[in-house]
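The number in my numbering is simply the position in the sequence shown, starting from 1, with 1091 added. Input: a single structure, listed below in structure tokens.
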Amino acid sequence: MRPARPGRPVGAVTRGTTGHNRLRRCDRWIAAVYGPLLRSARAGAAPLVVDLGYGASHTTTTELFTRLRRVCPTVEVVGVEIAPERVAAAKPYEREGLSFVRGGFELPVPRPPMIVRAFNVLRQYGEAEAWEHWHRLRAGLHPSGVLVEGTCSEVGHRATWVALGAEGPRTLTLAARFTGFGRPSDLAERLPKTLIHRNVPGERIHAFLADWDRAWATCASFGAYGTRQRWIKAAELLARDWPVETTPPTGGPGRWRLGELTLPWSSVSPRG
């Protein structure tokens, strides 16, 4: 791993594209799955969450703060951006528990965060660099912390993300608006950097998406009851052959009806 220059943020400036509710799908998943982690923080130590690379607007960081405060009223959220003008633009929106600072992958925060959300940050890097930054961010986490790294479309209708702990990647989640795709494999364009170039024959992620498309086609008749019911039935069918999460908080009908599907990282990880 390349050392950081003293006093200089680690990373490169992103395009900064953002918008209202762009990351809503990931926000609600974090709140449901890791709300208990945030509430487990010992008394007197407010759990810290970092929104890394929030872009040209404070919007998605503020939305994350609002949604996490509903499940953990003591949570503190820090938006971290490498572009100083973006930090300056966000400063007027600070409030108790919500702040914005300049920085990058070095995570310039006062204590190790329980959660780091990094969305649409690593797409501009090569696969080897993406793994490097995964390692760097995990090293900066609280011992019980989690990194949620992913990517989504400009309006958030297609998204995928990986949850990583100290031990490495744990799960892959794929999420979509029900009017935002023709078949599940359309989500391949939003796979994390470590998978997007692996969607080729012989790789696990390719096999998974192919099987999901087949399950989707098999369950076409359920589309008469709406795309949500078709998604749920396809998930049930897919779970016969793949270790799709089928119980809360990461799986089962309660998550599927939101247009989500989560499975262990090991089942789709790159070969070799």
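Each residue gets a CB set at the ideal place from its N, CA and C atoms; glycine is no exception.
Problem - Residues near Ala1174 in its chain [Cβ-Cβ closer than 6 Å; skip 5 each side] - result: Val1104
Handout entry: When Arg1116, His1233, Ala1326 are compared against Thr1242, the one with the closest alpha-carbon
Key = Arg1116
Practice task
Would you identify the three-state DSSP class for Ala1078, choosing helix, strand or coil?
Solution key: Given a span of 1092 to 1363 for the chain in the structure shown, any question on residue 1078 remains unanswerable.
Handout entry: Assumed close pair Ala1306, Ala1325 - CB separation to whole angstroms, cut-off 8 Å
Key = 4 Å
Exercise for the section: Please work out which residues of its chain come closer than 7 Å, Cβ to Cβ, to Thr1337, disregarding the five sequence neighbours upstream and downstream, and give them in chain order. Expected result: Ala1330, Gly1343
Handout entry: Distance between beta carbons of Leu1139 and Leu1159, contact taken as under 8 Å
Key = At roughly 11 Å, the Cβ-Cβ gap does not stay under 8 Å, so Leu1159 and Leu1139 are not in contact.
Exercise for the section: Please report the Cβ distance between Gly1144 and Glu1172, rounded to the nearest whole angstrom; I am assuming they are in contact, meaning their Cβ atoms lie under 8 Å. Expected result: 6 Å
Practice task
Answer with buried or exposed for His1224, where buried requires no fewer than 16 other C-beta atoms within 10 angstroms of its C-beta.
Solution key: buried
Problem - Unbroken alpha helix (DSSP H) run spanning Arg1229, endpoints - result: 1218-1230
Practice task
Counting only the same chain and skipping the five closest in sequence on each side, list residues whose C-beta sits under 6 Å from that of Phe1156.
Solution key: Val1168, Leu1189
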